[in-house]
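Asker: Before I ask anything, here is the structure I am working with.
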């Protein structure tokens, strides 16, 4: 029953989200060495200022009350106050979220399309030199730290050729209309996107290849061949549909990976997104911003997991009735 | 010979003289082209990193005497040039690899012990213990690992000990999942059921009948967790969360990036530590990938 | 003229450390409208012969000698593209019921329809759908279930759907590989009845590969008994699988042993003394009769010389030294 399945999944989603928020609270507000405690003990502040801080962060309340206040604030979209920017975290996050979504969206598109195509190609050449080469190259790309790949790309495009911008999201001081702006942003988007995609393509190409190879020796593939279907129809209609199921599962893992990658790539390319924000708040110990970014990242992964579960469910008729 | 044997036709694999399972794992890895490539790559890196610093000791205090020796390209005296502080890149590279390896290995040990232990207990006892443990595992599985590691490192500190702990304590869920599902099927084996019904102690059954059977799986996982840990450490160090005293490859790249080595075109400062990380991670990945294929040949062989 | 004529067919499998000849100079024929069974233990090469006809052998297998002539067309050596046009149209396959022969993520009607659209692209989708429904009706599955997924069907229904799929392009020849294996007794009987009805009503030519001698006897006009990659006995199934009093009428000791070991023909599920042991290892060169090691009536001659084929009665042939008139 689909409705019941959905209800069950939704309940699990709610529970996980709740656990995440609680985990976040524990991490930043309760554990010894938590930022607020550090701040309150910090020598930078005199007694009066410290007392004010304690009050501002509600440390004078019991943990339970703090927890309730924290929870209530979150529900109202209040992530606290940035030490560094002297603004509400929500304001600080504002444009960064959009920029990160843009980068991740572009990178995911490239990653999935190229990864799956490469995997299908490798599987169609299974156990040939091409197949081995694709596997080795994929593992090689996987072994590159995102930031190092970014540095190499910057090296190539900053030192040798100057085809594309290597830093930021717009050319400073460039005043153009809407289309000009769009073109400018697109040009800035290319290198960070490719860097992020390059490292993550491997994951998709390897999984696609392996599950396709697995699917190709299934009995129903012999039936398909006996029916006289063309190689392409066999591969796409019969094998790929089965092989994509593990790929869908891998997406959840991928999101966790690419968020880690985004922090590095945004740092290297000075892309003003949440990754760069995390880097800056780590450097300046701006904990409220760090906390908000981590919470949003975690929620993003959890939601993607939920969606990939639903997608899997709709793709595989065998699990649809459970 | 049973006549109602329905198992297909002549299976060429069945006729192969040696069963796949009988070959020891390390030998199977060595026979595989990619596996051997991984072993050779790794052996090279390890030799460089473990023996190198003995032959070419690094002295952090030996700064360049003049500004001319800062970010200087390779020369006879400095084979891989100098850093922004005028230190010898080659010698720092050799020492830095040790730190990367050290953190990677200790984090992996923590992750594997935790993951395999939890997986073993969870899969063996099944029931409510399994449910609770797997809920917790799934929760940590969905948390984005690197952001979590960054947050923890930012909160708790940057010494290599804390870095190892942080990476180790966040990298176990996948291992726990894999080991658990294997143990779940092992515990239903007739032999285990019989030994159990005879009243053998759980600890002994796990040690004698279960652990040896999941050991190859643990090894395959070990290689993959290792490469992940080394990458995580590198990312932390690059983001400025590395141990400032114990310079690793990631720290070198952090220093290079922030000292303008990129715009100076100081490739000698960037390529060696980066290539070191890639080679080390690739070595472990190739071996892990190969073990995976040996243990689970379905995806690779047949027809 | 024979619809299918296989002559001197040999198939080699490449395995680590050499090749294994799974089928060794096998010859057999199927006449128009005739039904022929291939019997033998698993591993004797019967499925390989079946798969060889539409050239569906696994990658590590090669046809190293022989001819396969189907409806006047020689098949060996044809390209994959040429074969694709002949497959299902000239020769369709029904795979073992226990197998995962239907794609689990596609609806069954679509899997059947795609055979029509592949071979008769001029047929409209509506017409193809009608034909699929008719086929469902014909094999005894309610057409309302056509849009199901394979896992929603029982084993017997899946096998009926498989037969519907095999018949939808009106093939000249149907090859059924263990069509009743792994089905319950009632489904087995129903599937056999369905195959018999197809033969009677549609004049279908059939090759049925099975280790189930009772099934072969029920459906097939003639039977080919294979052992270790060679044909040991051929004849009308009535004659080869029949009994005379308590004695089997089969001429070859292997066939006799098979019949005696068979529960449905003897009532009891006891393995005959003669069938102890395993078929020989095909990766080593074999001298003499391949059954010699397990044969209860083995003679010195059997271990040195391959047995000649002897005609016992018109159409009934067997390869055994016991049948040769006097020591040759």
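Chains as they are written, first to last, in our numbering: chain A, -9 to 312; chain B, 855 to 1157; chain C, 59 to 386.
Ideal placement from N, C-alpha and C gives every residue a C-beta, glycine not left out.
Taking 6 Å as the limit between beta carbons, can you name the residues of its chain near residue 186 of chain A, skipping five residues before and five after?
Answerer: Position 196 of the first chain, counted from the first residue, corresponds to residue 186 of chain A. Around residue 186 of chain A: 97, 251 and 255.
Asker: In the DSSP assignment, what residue or residues form a beta bridge with residue 234 of chain C?
Answerer: In the third chain, counting from the first residue as 1, residue 234 of chain C sits at position 176. Answer is C:152 and C:266.
Asker: Does any residue of chain A have a CB that is nearer than 7 Å to the CB of residue 162 of chain C?
Answerer: Position 104 of the third chain, counting from 1, holds the residue named residue 162 of chain C. Residue 162 of chain C counts as touching chain A.
Asker: Three-state secondary structure (DSSP) at residue 1054 of chain B?
Answerer: By one-based count along the second chain, residue 1054 of chain B stands at place 200. It is coil, neither helix nor strand.
Asker: Taking residue 902 of chain B as the reference, give the member of B:928, B:889, B:938 and B:946 with the closest Cα.
Answerer: On the second chain, position 48 is the one that residue 902 of chain B refers to. That would be B:946, whose Cα lies nearest to the Cα of residue 902 of chain B.
Asker: Taking Cβ positions, are residue 281 of chain C and residue 220 of chain C nearer each other than 7 Å?
Answerer: As a working mapping, residue 281 of chain C is identified with position 223 in the third chain. As a working mapping, residue 220 of chain C is identified with position 162 in the third chain. No, Cβ-Cβ distance for residue 281 of chain C and residue 220 of chain C is not below 7 Å.
Asker: In the structure shown, what three-state DSSP assignment does residue 12 of chain A receive?
Answerer: As a first step, residue 12 of chain A is located in the first chain; it is residue number 22 there, counting from the start. In this structure, residue 12 of chain A counts as helix in the three-state DSSP scheme.
Asker: Is there at least one Cβ from chain A nearer than 7 Å to residue 996 of chain B's Cβ?
Answerer: As a first step, residue 996 of chain B must be located in the second chain, where it is residue number 142. Answer yes: the Cβ-Cβ gap between residue 996 of chain B and chain A drops below 7 Å somewhere.
Asker: What residues in its chain sit with their C-beta under 6 Å from that of residue 132 of chain A, if we drop five residues either side in the sequence?
Answerer: Mapped onto the first chain, residue 132 of chain A falls at position 142. 192.
Asker: Cβ of residue 250 of chain C less than 7 Å from any chain A Cβ?
Answerer: By 1-based counting over the third chain, the position of residue 250 of chain C is 192. No, because no Cβ of chain A sits closer than 7 Å to the Cβ of residue 250 of chain C.
Asker: Could you pull the start and end residues of the alpha helix (DSSP H) that residue 216 of chain A belongs to?
Answerer: The residue labelled residue 216 of chain A in the question sits at position 226 within the first chain. Looking at the DSSP string, the run of the alpha helix (DSSP H) that includes residue 216 of chain A is 209 to 216.
Asker: Which of helix, strand or coil does DSSP assign to residue 1100 of chain B?
Answerer: For the purposes of this step, residue 1100 of chain B is identified with residue 246 of the second chain, where counting begins at 1. Residue state, collapsed to three classes: coil.
Asker: Excluding the 5 residues flanking residue 196 of chain A on each side, which residues of the same chain have their C-beta closer than 6 Å to its C-beta?
Answerer: In the first chain, counting from the first residue as 1, residue 196 of chain A sits at position 206. Answer for residue 196 of chain A: 128, listed in chain order.
Asker: Label residue 349 of chain C either buried or exposed according to how many other C-beta atoms from any shown protein chain fall within 10 Å of its C-beta, with 16 as the threshold for buried.
Answerer: Position 291 of the third chain, counting from 1, holds the residue named residue 349 of chain C. It is buried - the Cβ of residue 349 of chain C has at least 16 other Cβ atoms within 10 Å.
Asker: So residue 60 of chain C is in the beta strand (DSSP E); what residue range does that whole segment cover?
Answerer: In the third chain, counting from the first residue as 1, residue 60 of chain C sits at position 2. 60 to 73 is the span of the beta strand (DSSP E), which, as asked, contains residue 60 of chain C.
Asker: Where DSSP assigns a beta bridge to residue 1012 of chain B, which residues make up the other side?
Answerer: The residue you call residue 1012 of chain B lines up with position 158 of the second chain. Per DSSP, none; premise fails for residue 1012 of chain B.
Asker: In its own chain, which residues sit with a C-beta less than 6 Å from the C-beta of residue 10 of chain A, not counting the 5 before and 5 after it?
Answerer: In the first chain, counting from the first residue as 1, residue 10 of chain A sits at position 20. Excluding sequence neighbours, residue 10 of chain A sits near 288.
Asker: Classify residue 204 of chain A: buried if its beta carbon has 16 or more other beta carbons within 10 angstroms, exposed otherwise.
Answerer: Counted from its first residue, the first chain places residue 204 of chain A at position 214. With 16 or more other Cβ atoms within 10 Å, it is buried.
Asker: Between residue 73 of chain A and the rest of its own chain, which residues show a CB-CB distance below 6 Å, the 5 nearest in sequence each way excluded?
Answerer: Counted from its first residue, the first chain places residue 73 of chain A at position 83. These residues qualify, in order along the chain: 276.
Asker: Against chain A, which members of the segment 1127 to 1146 of chain B pass a CB distance test of less than 7 Å?
Answerer: Those residues of the segment 1127 to 1146 of chain B that come within reach of chain A (Cβ to Cβ, closer than 7 Å) are 1128, 1131, 1132, 1135, 1136, 1139, 1140 and 1143.
Asker: Taking CB distances under 7 Å as the criterion, tell me whether residue 435 of chain C reaches chain A.
Answerer: The structure shown does not extend to residue 435 of chain C, since chain C is modelled only from 59 through 386, so no value can be given for it.
Asker: Distance cutoff 7 Å, beta carbons only. Does residue 210 of chain A sit that close to anything in chain C?
Answerer: One-based indexing of the first chain puts residue 210 of chain A at position 220. Answer yes: the Cβ-Cβ gap between residue 210 of chain A and chain C drops below 7 Å somewhere.
Asker: Could you check which residue in A:267, A:296, A:274 and A:294 has the C-alpha nearest to that of residue 282 of chain A?
Answerer: As a working mapping, residue 282 of chain A is identified with position 292 in the first chain. Checking every option, the nearest Cα to that of residue 282 of chain A belongs to A:267.
Asker: Hey, residue 270 of chain C and residue 92 of chain C: beta-carbon distance below 7 Å or not?
Answerer: Looking up residue 270 of chain C in the third chain gives position 212. Looking up residue 92 of chain C in the third chain gives position 34. No, the pair does not count as a contact, with Cβ atoms beyond the cut-off.
Asker: Using a beta-carbon distance below 7 Å, is residue 1119 of chain B in contact with chain A?
Answerer: Looking up residue 1119 of chain B in the second chain gives position 265. Residue 1119 of chain B counts as touching chain A.
Asker: Taking 7 Å as the threshold (C-beta atoms), are residue 103 of chain C and residue 284 of chain C in contact?
Answerer: Residue 284 of chain C sits at position 226 when you count from the first residue of the third chain. Residue 103 of chain C sits at position 45 when you count from the first residue of the third chain. Going by C-beta atoms, residue 284 of chain C is nearer than 7 Å to residue 103 of chain C.
Asker: At 9 Å on the CB atoms, spell out the chain A contacts of residue 1106 of chain B, in chain order.
Answerer: Walking along the second chain from the start, residue 1106 of chain B turns up at place 252. Residues of chain A passing the Cβ test: none, with the nearest at roughly 11 Å.
Asker: Quick check on the DSSP output: what are the complete alpha helix (DSSP H) runs of length 4 or more inside the segment 258 to 288 of chain A, in order along the chain?
Answerer: Correct list: 264 to 273.
Asker: Which bits of chain B does residue 291 of chain A rub up against, with CB to CB less than 8 Å?
Answerer: Position 301 of the first chain, counted from the first residue, corresponds to residue 291 of chain A. Simply 996, 997 and 998.
Asker: Hey, quick one: how far does the alpha helix (DSSP H) through residue 82 of chain A stretch, first residue to last?
Answerer: Translated into the one-based positions of the first chain, residue 82 of chain A becomes position 92. Its alpha helix (DSSP H) spans residues 79 to 114.
Asker: Would residue 1008 of chain B count as contacting chain A if we go by Cβ distances under 7 Å?
Answerer: Within the second chain, numbered from 1, the residue matching residue 1008 of chain B stands at position 154. Closer than 7 Å: yes.
Asker: Could you tell me the boundaries of the beta strand (DSSP E) in which residue 126 of chain C lies?
Answerer: Taking the first residue of the third chain as 1, we reach residue 126 of chain C at position 68. Here the beta strand (DSSP E) through residue 126 of chain C covers 119 to 128.
Asker: Excluding the five sequence neighbours on either side, which residues of its own chain have a C-beta within less than 6 Å of the C-beta of residue 1067 of chain B, listed in chain order?
Answerer: To locate residue 1067 of chain B, count along the second chain from 1; it is residue 213. So the list reads 1040, once near-sequence residues are dropped.
Asker: Mind listing the chain A neighbours of residue 285 of chain C? Cutoff is C-beta to C-beta under 9 Å, in chain order.
Answerer: Counted from its first residue, the third chain places residue 285 of chain C at position 227. Simply none; closest approach about 25 Å.
Asker: Between residue 1140 of chain B and residue 1130 of chain B, what straight-line distance do the alpha-carbon atoms span, to the nearest angstrom?
Answerer: The residue given as residue 1140 of chain B occupies position 286 in the second chain. The residue given as residue 1130 of chain B occupies position 276 in the second chain. Spanning the two alpha carbons is a distance of roughly 15 Å.
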